[in-house]
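Visitor: Can you read through this structure? Questions will come right after.
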Amino acid sequence: MVNNTDLLMVTKSGVLFVTKGTFGQLTCEWQYTYDEFTKDPFIVDGRRLRIEAKERVKSVFHAKEFGKIINFKTPEDAKKGPSTSHTKPTGMQM
Numbered sequence: 004m005v006n007n008t009d010l011l012m013v014t015k016s017g018v019l020f021v022t023k024g025t026f027g028q029l030t031c032e033w034q035y036t037y038d039e040f041t042k043d044p045f046i047v048d049g050r051r052l053r054i055e056a057k058e059r060v061k062s063v064f065h066a067k068e069f070g071k072i073i074n075f076k077t078p079e080d081a082k083k084g085p086s087t088s089h090t091k092p093t094g095m096q097m
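Numbering (our numbering) for the sequence shown: 4 to 97.
If you want it as structure tokens, here you go:
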């Protein structure tokens, strides 16, 4: 949980950023598969998790670097995020 209304969900195939609305509905704001990551996620300024991924907008010439920064309440919460590796968890079969 990022804060009272935002969730960072880590699945066997990728990560999703989900927000909880006023009436309890959940909305996926963005998602990336691990194959879209351009480098391992890393911590910035102690409590910000940075995810760099390929931009989804199709370009005739090339794909641009793109990503997201997730702000956590504390540095401890940020370290619990998917910052160790973007490889598939062991024991999982696709």
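From the three backbone atoms N, C-alpha and C, an ideal C-beta is built for every residue, glycine too.
Using 8 Å for Cβ pairs, my map puts K57 next to E39. What's the rounded Cβ distance?
Guide: Between K57 and E39 a beta carbon distance of about 5 Å is seen, short of the 8 Å cut, so the two are scored as contacting.
Visitor: Which value, in whole angstroms, describes the spacing of the CA atoms of K83 and F45?
Guide: K83 and F45: Cα-Cα distance of roughly 11 Å.
Visitor: Using C-beta distances below 6 Å, list every residue in its chain close to M97, excluding the 5 sequence neighbours before and after it, in chain order.
Guide: With a pLDDT of only 34 at M97, under 50, the local geometry of the prediction cannot be trusted, and the value read off the model is given with reservation. Excluding positions up to five away in sequence, the list is empty.
Visitor: Along the beta strand (DSSP E) that carries K23, what are the first and last residues, could you check?
Guide: First-last of the beta strand (DSSP E) with K23: 17-23.
Visitor: By Cβ distance, which residues of its chain are closer than 7 Å to M95, with the 5 residues on each side in sequence left out?
Guide: Annotation note: pLDDT 37 at M95 (below 50); position unreliable, coordinate value reported separately. Cβ within range, chain order: K15.
Visitor: Near L19, which residues of its chain fall below 7 Å by C-beta distance, leaving aside the five closest residues on each side in sequence?
Guide: M12, C31, Q34
Visitor: With DSSP run on the structure shown, which of helix, strand or coil describes D38?
Guide: helix
Visitor: Counting along the chain, where does the beta strand (DSSP E) carrying E55 start and finish?
Guide: Taken as a continuous stretch (DSSP letters only), the beta strand (DSSP E) holding E55 covers 51-57.
Visitor: Label F75 either buried or exposed according to how many other C-beta atoms from any shown protein chain fall within 10 Å of its C-beta, with 16 as the threshold for buried.
Guide: buried
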